[in-house]
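Quick note on numbering: the sequence shown equals residues 0 to 323 in numbering that gives the first Met the number 0.
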Amino acid sequence: MSVRGRKFFDALRHRWMNQSRLRLPCPPYHSPEYWDHVYKDMDPDDVHEWGGFDLHSGLLEFRYEKLLRHGDGAKVQPVEGLHTTTFAECMGISQLSTPEEAIQRYDELQNDGGNESVLVLGCGTSKIGEQILMNSFVGPVLQVDISSKVIQLLTKRYRKYLEEASVKRMEFIVDDARGLTALSPESVGGGVLDKGLIDVLHCSADAISMEDDDDSSGGGNGGERGENDDIRGVVDSVHRALQPSRPFVFFSKSSHEYMLRRTLGSVQWNGEIRKKWMDIQVMKLVDLDVYLYRFVKADGSVETTATATTPRIRFTPSKKRRKR
Numbered sequence: 000m001s002v003r004g005r006k007f008f009d010a011l012r013h014r015w016m017n018q019s020r021l022r023l024p025c026p027p028y029h030s031p032e033y034w035d036h037v038y039k040d041m042d043p044d045d046v047h048e049w050g051g052f053d054l055h056s057g058l059l060e061f062r063y064e065k066l067l068r069h070g071d072g073a074k075v076q077p078v079e080g081l082h083t084t085t086f087a088e089c090m091g092i093s094q095l096s097t098p099e100e101a102i103q104r105y106d107e108l109q110n111d112g113g114n115e116s117v118l119v120l121g122c123g124t125s126k127i128g129e130q131i132l133m134n135s136f137v138g139p140v141l142q143v144d145i146s147s148k149v150i151q152l153l154t155k156r157y158r159k160y161l162e163e164a165s166v167k168r169m170e171f172i173v174d175d176a177r178g179l180t181a182l183s184p185e186s187v188g189g190g191v192l193d194k195g196l197i198d199v200l201h202c203s204a205d206a207i208s209m210e211d212d213d214d215s216s217g218g219g220n221g222g223e224r225g226e227n228d229d230i231r232g233v234v235d236s237v238h239r240a241l242q243p244s245r246p247f248v249f250f251s252k253s254s255h256e257y258m259l260r261r262t263l264g265s266v267q268w269n270g271e272i273r274k275k276w277m278d279i280q281v282m283k284l285v286d287l288d289v290y291l292y293r294f295v296k297a298d299g300s301v302e303t304t305a306t307a308t309t310p311r312i313r314f315t316p317s318k319k320r321r322k323r
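Below, the structure is given as structure tokens:
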């Protein structure tokens with residue numbers, strides 16, 4: 000579906016159907032059983048890329064329009080025109096000249112008690128995790144999916160990174176992105192990347208209210224969070240896992256009037272949002288026909304709500320970050 004097609008779809012669901020009892024049928028994307036069924040007949044080499052793009056087909060360097068930015072306690076007027084940036088700049092992580100240099104840098108960070116880990120949510124059968132390492136990013140790459148079946152497939156596909164590599168910089172985790180209980184608080188020192196999870200959850204979720212803009216406290220209709228609000232659960236879990244000043248980057252075909260309400264409860268730059276996120280950016284990637292959302296965790300925001308009995312993957316917070 001194109002951005003234009005999604006605009007019609009969202010308007011239909013959230014503006015008209017919100018006033019009726021009609022609901023569009025949609026698969027249970029939140030269910031591990033659903034995804035295990037999807038992957039049960041797949042082979043390790045089968046690949047599906049949400050949106051039809053990956054690092055090698057549009058993300059290493061991309062052109063974009065600045066649509067919206069909130070930061071420094073106020074709305075920042077976006078600069079018109081086309082801009083160019085890179086995946087490294089967007090994620091705020093180091094890209095070295097060769098994979099060997101990246102491994103050396105990884106060892107240095109490990110010795111210093113730091114990390115540039117990249118957490119890939121709802122990884123599915125995407126190759127983007129491998130591409131991060133192939134393109135000389137430091138890592139490690141932590142790939143998370145709710146389906147144990149797809150994690151088994153990826154474990155077979157990437158045996159060379161798990162069993163044959165002298166330095167292990169790839170990890171696979173069966174976990175629910177709405178909780179991320181396998182990760183310790185503030186353990187992700189690079190950033191979190193989602194290429195499709197939030198978007199499909201948005202498509203399967205109930206309609207949202209469009210009347211939260213005049214409530215500066217974030218407690219309007221769009222700011223309410225029900226027990227079954229999967230997307231807000233994902234965003235809260237990501238916030239807990241990130242180190243301060245680190246980004247959460249995700250993609251969607253839906254515009255910010257829907258996705259900011261869905262993820263944050265409001266399109267307004269209110270006090271509740273500023274407590275958690277110091278910078279919010281929305282870009283349109285013109286060559287890929289998709290929106291990129293970038294949330295940067297605020298300093299001093301620490302949450303420790305992970306389940307204590309669940310084994311966790313811990314990376315000690317970085318003492319010093321290398322300048323790129």
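Ideal Cβ placement from N, Cα and C applies to all residues, glycine included.
By the criterion of at least three beta-carbon pairs nearer than 8 Å, the segment 135–152 is in contact with the segment 162–174.
No Cβ-Cβ contact shorter than 9 Å links Pro-246 with Ala-297. When secondary structure is reduced to three states using DSSP, Trp-276 falls in the strand class. Separation of the CB atoms of Asn-114 and Gly-188 is rounded to 4 Å, and the pair is thereby assigned contact status at 8 Å.
In the three-state DSSP reduction, Gln-142 falls in the strand class (E or B). In chain order, Asp-229, Gly-232, Val-233, Ser-236 place their CB closer than 7 Å to the CB of Arg-177, counting only its own chain and leaving out the 5 sequence neighbours on each side.
Looking at the DSSP output, Glu-64 shares a beta bridge with Leu-81, Lys-283. Around the CB of Asn-269, 16 or more other CB atoms lie within 10 Å, so the residue is classed as buried.
Boundaries of the beta strand (DSSP E) harbouring Ser-251: 246–251, taken from the DSSP string.
The alpha carbon of Ala-164 has as its nearest neighbour, out of Pro-98, Thr-124, Asp-111, Leu-118, the alpha carbon of Pro-98. Residue burial is scored here from C-beta neighbours: Pro-184 has at least 16 other C-beta atoms within 10 angstroms and is therefore classed as buried. Cα atoms of Lys-283 and Ser-265: separation of roughly 20 Å, rounded to the nearest angstrom.
For the options Tyr-105, Leu-259, Ile-92, the alpha carbon positioned closest to that of Arg-68 is the one of Leu-259.
Spanning the alpha carbons of Ile-279 and Asp-42 requires a straight line of approximately 38 Å. Membership of Arg-293 in the beta strand (DSSP E) is indicated by the continuous run 289–296.
With a cut-off of 8 Å on Cβ pairs, the segment 144–153 is in contact with the segment 31–47, counting three or more such pairs. The alpha-carbon of Met-90 is positioned some 34 Å away from that of Leu-11. The criterion of a C-beta distance shorter than 9 Å is not satisfied by His-47 and Tyr-63. In the DSSP assignment, Ile-172 falls within the beta strand (DSSP E) that extends over 169–173.
Rounded to the nearest whole angstrom, the CA to CA distance from Thr-84 to Arg-158 is 33 Å.
Within the same chain, Val-199, Leu-200, Ser-203 come within 7 Å of Tyr-28 by CB-CB distance, once the 5 residues on both sides are set aside. DSSP places Val-149 in the uninterrupted alpha helix (DSSP H) bounded by 147–156. His-36 counts as exposed, since fewer than 16 other C-beta atoms from the protein chains shown sit within 10 angstroms of its C-beta. In this structure, DSSP gives Asp-193 an extended state, which the three-state scheme calls strand.
In the three-state reduction of the DSSP assignment, Leu-259 falls in the helix class, which pools H, G and I. Rounded to the nearest whole angstrom, the C-alpha separation of Thr-154 and Leu-132 is 16 Å. When beta bridges are read from the DSSP output, Leu-120 appears opposite Asp-193. The three-state reading of DSSP puts Val-187 in strand, counting E and B together. In this structure, Val-289 places its C-beta atom within 9 Å of the C-beta atom of Phe-52. For Phe-86, the enclosing alpha helix (DSSP H) stretches over residues 86–90.
Secondary structure of Gly-128 (DSSP, three-state): helix. Taking C-beta separations shorter than 8 Å and ignoring five residues to either side along the sequence, the partners of Asp-9 in its chain run Ser-253, Ser-254, Tyr-257, following chain order.
DSSP, read as helix, strand or coil, puts Leu-108 in helix. With contacts defined by Cβ atoms closer than 9 Å, Ser-1 and Trp-49 do not form a contacting pair.
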